[in-house]
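Below: the structure, in structure tokens.
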Amino acid sequence: MSPNQPALLSITALNFSISKEKHILKDISFSVPQGSFTLLCGPNGSGKSVLLRCIKGLEQMQEGTILLEGKDVTKDRKKRMQTIGLVFQDADTQMVGQTVEKDIRFGMENLGLDLETQTQKLEQVLGLLDLSGQRSQRPRTLSGGEKRRLAIAGVLVMDPKLLILDEPFANLDYRSVVSVLSTLLRLQQEGHTIILVSHEVDKTLSHADQVLVLESGHIVASGTPHEVLPILGQHGIYLPEGAAVEDLSWLKR
Ligand SMILES: Nc1ncnc2c1ncn2[C@@H]1O[C@H](COP(=O)(O)OP(=O)(O)OP(=O)(O)O)[C@@H](O)[C@H]1O
Ligand SMILES: [Mg+2]
Numbered sequence: 199m200s201p202n203q204p205a206l207l208s209i210t211a212l213n214f215s216i217s218k219e220k221h222i223l224k225d226i227s228f229s230v231p232q233g234s235f236t237l238l239c240g241p242n243g244s245g246k247s248v249l250l251r252c253i254k255g256l257e258q259m260q261e262g263t264i265l266l267e268g269k270d271v272t273k274d275r276k277k278r279m280q281t282i283g284l285v286f287q288d289a290d291t292q293m294v295g296q297t298v299e300k301d302i303r304f305g306m307e308n309l310g311l312d313l314e315t316q317t318q319k320l321e322q323v324l325g326l327l328d329l330s331g332q333r334s335q336r337p338r339t340l341s342g343g344e345k346r347r348l349a350i351a352g353v354l355v356m357d358p359k360l361l362i363l364d365e366p367f368a369n370l371d372y373r374s375v376v377s378v379l380s381t382l383l384r385l386q387q388e389g390h391t392i393i394l395v396s397h398e399v400d401k402t403l404s405h406a407d408q409v410l411v412l413e414s415g416h417i418v419a420s421g422t423p424h425e426v427l428p429i430l431g432q433h434g435i436y437l438p439e440g441a442a443v444e445d446l447s448w449l450k451r
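Heads up: the sequence shown is residues 199 to 451, going by the working numbering.
Here's what the structure looks like:
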């Protein structure tokens, strides 16, 4: 990614409260360059998932502006729903089909893709996320890790411009983490823009173009992995002792 890429997503002064007293997100501003990999981290309850829901348009923020490709979409939830693919933290909430195959086809049918294209994309993601053996299985009977891979598959087939994943590694074993992470990096190479929410920064930090650190609803730090690494521990984010940025990846080099 070139550092001079225009912003795909630009957020200014976003505030979200659930009552007069309870402010969850406070004055959030950041930009996500086209084609970049952004790592959003922060301790439990810092507001990461709520922020993603605000960006996607599933929560109604009280203040703030959201631009997509330079266009103000603050009031255009539909555009945000179409452009942004969000893999939820809770994979169960995302499953809609009677079988794995139907679940993955669901979004593509809504998009009106022809059957041949659907099948081609279906085969591709089943292979990519190692779900071919579960194709006819009911989603509710999948294991935790399989459910998560299905949630990722369902969003990937939609080919969203902005792909956001909320704690995608939860429940995944080593091989699945490696497979999901390398898939994300390949998608980035193909031009997708990715926001990854994870406090497991030891798996991904070295791949990020920018890191945002959220604490108690504020962005308390942002910058390159090298810039934020020294202060992550102060914000409740675990790092292996003495690790350098280059070590913080689960992919073999
Ligand atoms: N509808 C709601 N009503 C009351 N509190 C809420 C609501 N939604 C979120 N919160 C609170 O907002 C805060 C931020 O929640 P959020 O789910 O965004 O945290 P998070 O950073 O994603 O945490 P985790 O790492 O555990 O996933 C939490 O304290 C949560 O309890
Ligand atoms: Mg969360």
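Built from N, CA and C at the ideal position, the CB exists for glycine as well.
First through last residue of the beta strand (DSSP E) which encompasses residue i
i      : result
Val418 : 416-421
Leu329 : Note, Leu329: premise wrong, no beta strand (DSSP E); not H, not E.
Cβ-heavy atom distance, residue i to ligand 2, below 7 Å
i      : result
Ser229 : no
Lys254 : no
Glu365 : yes
Gln292 : no
Gln287 : yes
Best match in the options for proximity to residue i [C-alpha to C-alpha]
i      : options                        : result
Lys303 : Lys319, Gln332, Leu256         : It is worth fixing the name first, because residue 303 is Arg in this sequence and not Lys. Ranking Lys319, Gln332, Leu256 by Cα distance to Arg303 puts Lys319 first.
Met259 : Val294, Asn213, Asp290         : Asn213
Val426 : Leu237, Ile222, Val378         : Leu237
Pro366 : Ser208, Gly255, Leu437, Phe286 : Phe286
Thr339 : Tyr372, Thr297, Asn308, Pro358 : Thr297
Gln232 : Ser208, Thr315, Lys277         : Ser208
Ser380 : Glu413, Thr402, Lys246         : Thr402
Gln147 : Glu257, Gly240, Leu348         : This structure leaves residue 147 out entirely; the chain is present only between 199 and 451.
Glu257 : Gln280, Ser247, Arg384         : Ser247
Ser404 : Glu321, Ala368, Leu446         : Leu446
Glu344 : Leu360, Lys220, Asp371, Asp357 : Asp371
Ser414 : Asn242, Glu307, Pro423, Phe228 : Asn242
Ser420 : Gly240, Leu223, Glu219, Pro337 : Gly240
Asp364 : Arg373, Gly268, Val378         : Val378
His397 : Glu388, Gln408, Ala205, Leu437 : Leu437
Asp270 : Asp290, Ala205, Glu321, Leu449 : Ala205
Heavy atom of ligand 1 within 7 Å of residue i beta-carbon
i      : result
Val248 : yes
Ser215 : no
Gly245 : yes
Asn369 : no
Asn242 : yes
His390 : no
His397 : yes
Ile362 : no
Ile226 : no
Ile222 : yes
Span of the alpha helix (DSSP H) around residue i
i      : result
Asp301 : 298-309
Gly342 : 342-354
Ser247 : 246-254
Please give me, in chain order, every unbroken run of the beta strand (DSSP E) with length at least 3 that falls completely inside the segment 257-284.
DSSP assignment within the segment 257-284 yields the following whole beta strand (DSSP E) runs of 3 residues or more, N-terminal first: 261-266.
Item to check | Minimum length 4: unbroken alpha helix (DSSP H) runs contained in the segment 362-433 | outcome: As far as the segment 362-433 is concerned, its whole alpha helix (DSSP H) runs of at least 4 residues are 372-387, 399-402, 423-430.
Item checked: In chain order, each alpha helix (DSSP H) run of at least 4 residues that lies wholly inside the segment 202-244 -> Counting whole runs of 4 or more residues, the segment 202-244 contains no alpha helix (DSSP H) stretch at all.
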